[in-house]
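Peer 1: Residue numbers (this note's numbering): 79 to 153.
#1: Can you name, in chain order, every residue of its own chain whose Cβ lies under 6 Å from the Cβ of residue 94, other than the five neighbours on each side?
#2: Taking 7 Å as the cut-off, decide whether the C-beta atoms of residue 88 and residue 105 are in contact.
#3: Which stretch, first to last residue, makes up the beta strand (DSSP E) that contains residue 94?
#4: Report buried or exposed for residue 83, applying the criterion of at least 16 other Cβ atoms within 10 angstroms of its Cβ.
#5: Determine the extent of the beta strand (DSSP E) in which residue 116 is found, giving its start and end residues.
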C-alpha cells in the first residue's frame with residue numbers, strides 16, 4: 079500500500095491490521111510504501127501533522143473561484 083502526502087506539511091502516520099502495525103513520517107509531496115499491507119482487509123491508517131493538532135493551512139490571498147484542496151491518498 080502506498081500512502082501519498084499531498085498536503086503542505088509533513089505528516090505522521092500509523093497503519094495497522096489485525097496482524098501487524100507500523101508508523102512513519104511522510105514529507106510534503108512524498109510517498110510512503112507499506113507493501114506488507116497490500117491485499118489485506120480491515121487496514122486502518124491514521125494521519126496527523128508532525129506539529130500535532132489539526133491541519134491548518136494559511137491562504138495568503140484569495141480570488142473568486144479559487145479552489146483549495148488538501149489530500150492524503152492511498153493506493
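All residues carry an ideal CB built from backbone N, CA and C; glycine is no exception. All values reported here derive from a predicted model rather than from experimental measurement.
Peer 2: By the coordinates alone:
#1: Taking the chain shown and counting its residues from 1, the one referred to as residue 94 is at position 16. Result list for residue 94: 122, in chain order.
#2: Counting from 1 along the chain shown, the entry for residue 88 is found at position 10. Counting from 1 along the chain shown, the entry for residue 105 is found at position 27. Cβ distance < 7 Å, so residue 88 and residue 105 count as in contact.
#3: For the purposes of this step, residue 94 is taken as the residue at position 16 of the chain shown. First-last of the beta strand (DSSP E) with residue 94: 89 to 94.
#4: The sequence position of residue 83 within the chain shown is 5, counting from 1. Buried, since its Cβ has 16 or more Cβ neighbours within 10 Å.
#5: Taking the chain shown and counting its residues from 1, the one referred to as residue 116 is at position 38. No beta strand (DSSP E) contains residue 116, which DSSP labels as neither H nor E.
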